[in-house]
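Here's the structure, in structure tokens; my notes come after.
Below, the structure written as structure tokens:
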């Protein structure tokens, strides 16, 4: 298809910027997460729950990607963590050059962990490497158990799967085991955390894992 | 941003194809809907509920857009309606040329209504005109009441807003009035239908409206 061909040079240029980011992150000793999900799966709620539990354990910075609005950065800042908002002004994903603009706001040497919350989109953010160490896919059970098979690239590439909103399972038709099975086929090495940002169930386990991973 | 400039020729080429579709639809006397939402907001469930109620009232065809899988077309076909699946193989939206490929499967003169279910994505599908008469935005209350302000283009352009999964309102933090207010500011002429594809609440009102609109 024409579009894929036209985008090739964009992706190649992006890969070069991402490689530069990766060198810079390694030199500073900072680990970097790229949080990817549909709109409304609860990435920002997960951040709020996570950041409160990381206080005193890790030095964290956050980059928020949104098409428009600074609401998410304000929610993160309310957790006592420095947050930089990127407004993409229509673009459906973050890319390396957008992230480069945000990185200047941080002293990377003073951070253990940088979390990038991408624009809500299961497709395009997966194609644009940001130089991160790990992609984390967030899926809400309300989106349905068919999503990994319908949007396989993210679920195949993500090293971690967070299944959110499990408090709603009694009220919906969603087979959690089908989600697990589909993702296991796409990526057998994926770490999986079922949790609820509303009730807090399962969040500690995810945060403990994140601390260990960051320090490793 | 570089990407927007590179995409300009793609969008212009697409607009020409869409204009051709629009002439063809008008000549055949078929009305065309473009259903757009996040992954998992319930587009296919809305189709199932709608198609069952349209039986005997309108002659309907459906085009299903997915990155991968034919699951949705099978669900639609089970409602007794002809469905053609477009697998985009990685592309995050349908465009005019993909739709052109699917249209050959229909005798448009024999249809009153063609419904196109786009790829689950709140951003890119909005930019690619398919020649439709109407964009219908579907938003699940589980995605949160901040989505219209964070993804304004769809909610500004959609002539109809369907707010789905209202049966879950008692279990989540979502202010339905905030959704309505945000959308009213973006598009004061939008028709709004709050409903639940699970319980059926509100679906008849939507379907009655759709029949009237198609016949108008």
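Protein chains in written order, with the numbering used here: chain F, 1275 to 1490; chain P, 1275 to 1490. For every residue, glycine included, the Cβ atom is placed at its ideal position computed from N, Cα and C.
Can you name the residues of chain P whose CB is closer than 9 Å to the CB of residue i?
i	result
residue 1341(F)	1396, 1397, 1424, 1425, 1426 and 1427
residue 1228(F)	Limits of chain F in this structure are 1275 at one end and 1490 at the other, which puts residue 1228(F) out of reach.
What does residue i reach in chain P if we use C-beta pairs closer than 8 Å?
i	result
residue 1456(F)	Per Cβ cutoff of 8 Å: no residues; residue 1456(F) is ~11 Å from chain P at best.
residue 1366(F)	1366, 1395, 1397 and 1398
Note the first and the last residue of the continuous alpha helix (DSSP H) segment covering residue i.
i	result
residue 1310(P)	Careful: residue 1310(P) lies outside any alpha helix (DSSP H), inside the beta strand (DSSP E) at 1305-1311.
residue 1429(F)	1426-1431
residue 1457(F)	1450-1460
residue 1349(F)	1345-1351
residue 1473(F)	Careful: residue 1473(F) lies outside any alpha helix (DSSP H) and carries neither H nor E.
residue 1319(F)	1317-1328
Return the bridge partner residues of residue i from the DSSP annotation.
i	result
residue 1413(P)	1437(P)
residue 1338(P)	1359(P) and 1391(P)
residue 1397(F)	DSSP, once it has assigned bridges, lists no residue as partnering residue 1397(F).
residue 1408(F)	1307(F)
What does residue i touch in chain F if you count any residue whose Cβ is under 9 Å from its own?
i	result
residue 1470(P)	Under the 9 Å cutoff, chain F gives no residues; its nearest Cβ is about 11 Å from residue 1470(P).
residue 1442(P)	1416, 1442, 1445 and 1446
Output the distance between the C-alpha atoms of residue i and residue j, rounded to the nearest integer angstrom.
i	j	result
residue 1417(F)	residue 1316(P)	8 Å
residue 1427(P)	residue 1400(F)	22 Å
residue 1445(P)	residue 1415(P)	11 Å
residue 1277(F)	residue 1382(P)	Here the model assigns residue 1277(F) a pLDDT of 39, short of 50, so the residue's position is not dependable, and the following value carries that caveat. Computed Cα separation, rounded: 28 Å.
residue 1440(P)	residue 1469(P)	6 Å
residue 1411(F)	residue 1429(F)	7 Å
residue 1476(P)	residue 1390(P)	22 Å
residue 1422(P)	residue 1437(P)	11 Å
residue 1500(F)	residue 1360(F)	This structure gives no information on residue 1500(F), because the portion of chain F shown stretches from 1275 to 1490.
residue 1344(P)	residue 1330(F)	48 Å
residue 1466(F)	residue 1420(F)	17 Å
residue 1375(P)	residue 1335(F)	47 Å
residue 1280(F)	residue 1291(F)	Model confidence at residue 1280(F) stands at a pLDDT of 43, short of 50, so the residue's coordinates are unreliable; what they give is reported in the following sentence. Their Cα atoms are separated by approximately 19 Å.
residue 1312(P)	residue 1325(F)	26 Å
residue 1339(F)	residue 1297(P)	39 Å
residue 1372(F)	residue 1405(P)	33 Å
residue 1454(F)	residue 1447(F)	15 Å
residue 1394(F)	residue 1452(F)	23 Å
residue 1304(P)	residue 1456(P)	32 Å
residue 1435(F)	residue 1413(F)	8 Å
residue 1286(F)	residue 1387(F)	26 Å
residue 1471(F)	residue 1458(F)	23 Å
residue 1463(F)	residue 1301(F)	27 Å
residue 1355(F)	residue 1333(F)	9 Å
residue 1328(P)	residue 1328(F)	53 Å
residue 1306(F)	residue 1408(F)	7 Å
residue 1365(P)	residue 1319(F)	29 Å
residue 1348(F)	residue 1341(F)	15 Å
Count the other C-beta atoms from every protein chain shown that fall within 10 angstroms of the C-beta of residue i, then say buried if there are 16 or more, exposed otherwise.
i	result
residue 1450(P)	exposed
residue 1282(F)	exposed
residue 1432(F)	buried
residue 1323(P)	buried
residue 1259(P)	Since the displayed chain P opens at 1275 and closes at 1490, residue 1259(P) lies outside it and no answer follows.
residue 1294(F)	exposed
residue 1378(P)	exposed
residue 1473(P)	exposed
residue 1483(P)	exposed
residue 1479(P)	exposed
residue 1363(P)	exposed
residue 1346(P)	buried
residue 1486(P)	exposed
residue 1352(P)	exposed
Applying a beta-carbon distance threshold of less than 7 Å, which residues of chain F neighbour residue i?
i	result
residue 1418(P)	1314
residue 1421(P)	1313 and 1314
Under 8 Å, Cβ to Cβ, is there at least one residue of chain A near residue i?
i	result
residue 1431(P)	Of the protein chains in the structure, F and P, none is chain A.
On the DSSP letters alone, give me the boundaries of the beta strand (DSSP E) that residue i sits inside.
i	result
residue 1383(P)	Here residue 1383(P) belongs to no beta strand (DSSP E), and DSSP marks it neither H nor E.
residue 1465(F)	1465-1468
Since residue i meets chain F, which of its residues come closer than 8 Å, beta carbon to beta carbon?
i	result
residue 1345(P)	1420, 1423 and 1424
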